[in-house]
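Working notes, beginning with the structure itself.
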Amino acid sequence: MRETDLDITVIAELDEAGKPTRLTLELLGLGRSLAAQGGGLSAVVLGSGVEEACSELASRGADRVFFLDRPELTPYNPEVWTPLLATFFRERGGGLVLAGHTPMGQDLLPRLAFSLQAGLVTDCVGIRAEEGGFILTKPVYGGNALAGMKAATPLALTTVRSRVGEALPPSASSGELIPLDLETPAEARMRVLERHRLEAGECPLEEARVVVSGGRGMGGEEGFETLRELARLLGGAVGASRPPVDAGWAPTTCQVGITGKVVAPDLYVAVAISGSSQHLSGMGDSGKIVAINKDPEAYIFRVSDYGVVGDWREVLPAFLSKVRELVSE
Ligand SMILES: Cc1cc2nc3c(=O)[nH]c(=O)nc-3n(C[C@H](O)[C@H](O)[C@H](O)COP(=O)(O)OP(=O)(O)OC[C@H]3O[C@@H](n4cnc5c(N)ncnc54)[C@H](O)[C@@H]3O)c2cc1C
């Protein structure tokens, strides 16, 4: 079936347990509100053992869920996924394609845009339907300005940050499930050799409802142990500004900011972080921001909902023992 310029397709991302990620469900919610302007809403799922995920997507807003269920599609491999999705979207013509602004989305969509010679806007923080198409808004100049963009091609691709859309509750009425008949590429030059799983109880940074981040003022690796304990108690993940990552106190995957990850948890705790524009552009959309910093003039206090002026070595242990007390109640 060919799409119109107003039709929307979400590329689904599944977690380790094979369930749609929170961001995927948010994109469906966003797509549903945009589709109210006259288009249809589809999801496309590639993976292995995706039946349950497809049913969930069909009950969370998708009119149609296209899927390809094969062992070689898990884990994500750009060399396998790109040609398959390029064929799928080429056959469908125009419309808007939504993917999460996650490591996978940031890797896949540029490849797909090149294959399809289609317009791409990454790191989108807002979408509105206008004049028979979509205006895609993204931060520019390190998050100091917003630019509205419109693709000049019938098919527009975008990666979207979390919290732009809202996940819909499951509904009794369900969309249609449609198996795809596409040929997997004969051989991929790239293979996934090793995967590092999160420890039990750890949660991925982009999906976390709570992020506890440390900055240069942590002074070393040991401080991050305290942050990890706090994150564990709050059911969240640990993040970092760039200096601790450069110094090797925290892994690269923890970096939040313009050259790191973009997060939007309900609660962001910034410990010994000054609040540079490069850091803020990765966490500025968080629900509530709590800052702990010994400098009362630190810029982070201007964007925080709550702030504690003090040395983290004194503030954090007290904070931790209160959280421990509350959690054990
Ligand atoms: C192209 C480019 C890309 C960049 N990308 C990123 C990015 O993605 N993410 C990012 O974070 N940065 C990025 N940066 C770096 C950015 O400009 C800042 O240098 C960085 O964010 C500062 O990190 P910070 O706040 O941890 O350190 P600092 O600015 O040095 O701040 C440390 C803070 O800790 C406080 N402090 C010190 N000791 C204590 C204590 N004992 N208790 C409490 N508070 C204490 C200090 O008062 C200070 O406010 C980028 C820079 C460039 C040029």
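Heads up: the sequence shown runs through residues 40 to 368, numbered per our numbering. Note that beta-carbon positions come from the ideal geometry of N, C-alpha and C, so glycine has one too. As the structure is a prediction and not an experimental result, all values here were calculated from the model.
Annotation: residue 231 to residue 146 spans about 15 Å, alpha carbon to alpha carbon.
In this structure, residue 328 has its beta carbon at no less than 7 Å from each heavy atom of ligand 1. Straight-line measurement puts the Cα of residue 126 at about 10 Å from the Cα of residue 222. Contact annotation: residue 80 and residue 50 have beta-carbon atoms that are not nearer than 8 Å. Per DSSP, residue 340 lies in no alpha helix (DSSP H) segment and is marked neither H nor E. With a cut-off of 7 Å, the C-beta of residue 235 is classified as distant from ligand 1, since no heavy atom of the ligand falls inside that distance. Looking from the CA of residue 360, the closest CA among 269, 96, 200 and 45 belongs to 269. In its chain, beyond the 5 residues on either side, 303, 304 and 307 have a beta carbon closer than 6 Å to the beta carbon of residue 325. A residue is called buried once 16 or more other Cβ atoms fall within 10 Å of its Cβ, and residue 263 is buried on that count.
Looking from the CA of residue 63, the closest CA among 118, 143, 76 and 111 belongs to 143. For residue 114, the shortest separation between its Cβ and any heavy atom of ligand 1 does not lie below 7 Å. With respect to the 8 Å criterion, residue 104 and residue 119 are not classified as neighbours on the basis of their beta carbons. Relative to residue 99, the option among 152, 72, 298 and 108 whose CA is nearest is 72. In the DSSP assignment, residue 108 forms a beta bridge with 86. Measuring C-alpha to C-alpha distances from residue 216 to each of 111, 97, 162 and 227 identifies 97 as the nearest. At a Cβ-Cβ threshold of 8 Å, residue 68 and residue 207 count as neighbours. Judged by the Cβ position, residue 50 fails to qualify as a neighbour of ligand 1 at the 7 Å threshold, every heavy atom of the ligand being at least this far. Your pair residue 259 and residue 280 does not check out as a contact, with CB atoms roughly 14 Å apart and the cut at 8 Å.
In this structure, residue 116 keeps its C-beta atom at 8 Å or more from the C-beta atom of residue 225. In the structure shown, the three-state DSSP call for residue 361 is helix.
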